[in-house]
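Structure first, then comments.
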Amino acid sequence: MGVLDETKHLDRYWKQDAIIAAFRTFATKRNCHVTLVIHPRKERDTDELTTSSIFGGAKASQEADNVLIIQDKRLTSVRGKKYLQIAKNRYSGDLGIMPLDFDKASLSYAQRKKKAEGGDDDGGGPTEAPVGEPTDRTVRRAF
Numbered sequence: 119m120g121v122l123d124e125t126k127h128l129d130r131y132w133k134q135d136a137i138i139a140a141f142r143t144f145a146t147k148r149n150c151h152v153t154l155v156i157h158p159r160k161e162r163d164t165d166e167l168t169t170s171s172i173f174g175g176a177k178a179s180q181e182a183d184n185v186l187i188i189q190d191k192r193l194t195s196v197r198g199k200k201y202l203q204i205a206k207n208r209y210s211g212d213l214g215i216m217p218l219d220f221d222k223a224s225l226s227y228a229q230r231k232k233k234a235e236g237g238d239d240d241g242g243g244p245t246e247a248p249v250g251e252p253t254d255r256t257v258r259r260a261f
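Quick note, my numbering runs 118 ahead of the 1-based positions in the sequence shown.
Okay, here's the thing in structure tokens:
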């Protein structure tokens, strides 16, 4: 019975690798971007997630052009924050983090806004838009 369970477990990873390879082939042939969400393995709350935290085999992070990880340190630290980490960037190589703040008005997370009235904030995000105008929260990068 142990052999059967082990084979079933390995077969699951093989299937995941085959699906990821199919997505990679599709994206390359069609010259398009495919976004795939993969939940992390169970890790200790105190450890940060890395590309090796991706559930399944390593093929997912190897085949990806970009790997974005949402880190949530709100429950493990007194001043913990939620932030987006760029863990892999195949074409430009730029890596880093972008702090995220919850915007109650839109019920979504966005890049940290600068404080009003000359406040000093290290977020580097967009300033508040005039009333009635939508806030552009698009992150742009020139190549």
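Using N, Cα and C, we set each Cβ at its ideal position, and we do this for glycine too.
Sequence-distant residues of its chain with Cβ nearer than 7 Å to Ala136 (five each side left out):
In the sequence shown, residue 136 corresponds to position 18, counting from 1. Closer than 7 Å at Cβ, skipping near neighbours: no residue.
Can you tell me the Cα-Cα spacing of Gly174 and Ile204, whole angstroms?
Here the question's residue 174 lines up with position 56 in the sequence shown. Here the question's residue 204 lines up with position 86 in the sequence shown. Spanning the two alpha carbons is a distance of roughly 20 Å.
When the Cα atoms are used, what is the spatial distance from Cys150 to Ser226?
Residue 150 sits at position 32 when you count from the first residue of the sequence shown. Residue 226 sits at position 108 when you count from the first residue of the sequence shown. For Cys150 and Ser226, the distance between alpha carbons rounds to 26 Å.
What separation, rounded to the nearest whole angstrom, lies between the Cα atoms of Lys199 and Pro217?
Counting from one through the sequence shown, the residue named residue 199 turns up at place 81. Counting from one through the sequence shown, the residue named residue 217 turns up at place 99. Roughly 7 Å separates the two Cα atoms.
According to DSSP, which residues form a beta bridge with Ala140?
The residue you call residue 140 lines up with position 22 of the sequence shown. Note: Ala140 sits in no beta bridge, so no partner.
Beta-ladder partner(s) of Lys200, from DSSP:
One-based indexing of the sequence shown puts residue 200 at position 82. DSSP, once it has assigned bridges, lists Asp190, Leu218 as partnering Lys200.
If you follow the alpha helix (DSSP H) that Ala228 is in, where does it begin and where does it stop?
Locating residue 228 in the sequence shown gives position 110, counting from the first residue. Looking at the DSSP string, Ala228 is not in any alpha helix (DSSP H); the run it does join, the beta strand (DSSP E), is 226-229.
Residues in its own chain within less than 8 Å of Ile215 by CB, not counting five upstream and five downstream?
As a position in the sequence shown, residue 215 is number 97, starting the count at 1. So the qualifying residues of the chain are Gln189, Tyr201, Leu202, Gln203, Ile204.
Can you tell me whether Lys177 is helix, strand or coil according to DSSP?
Here residue 177 refers to the residue found at position 59 of the sequence shown. Three-state result, Lys177: helix.
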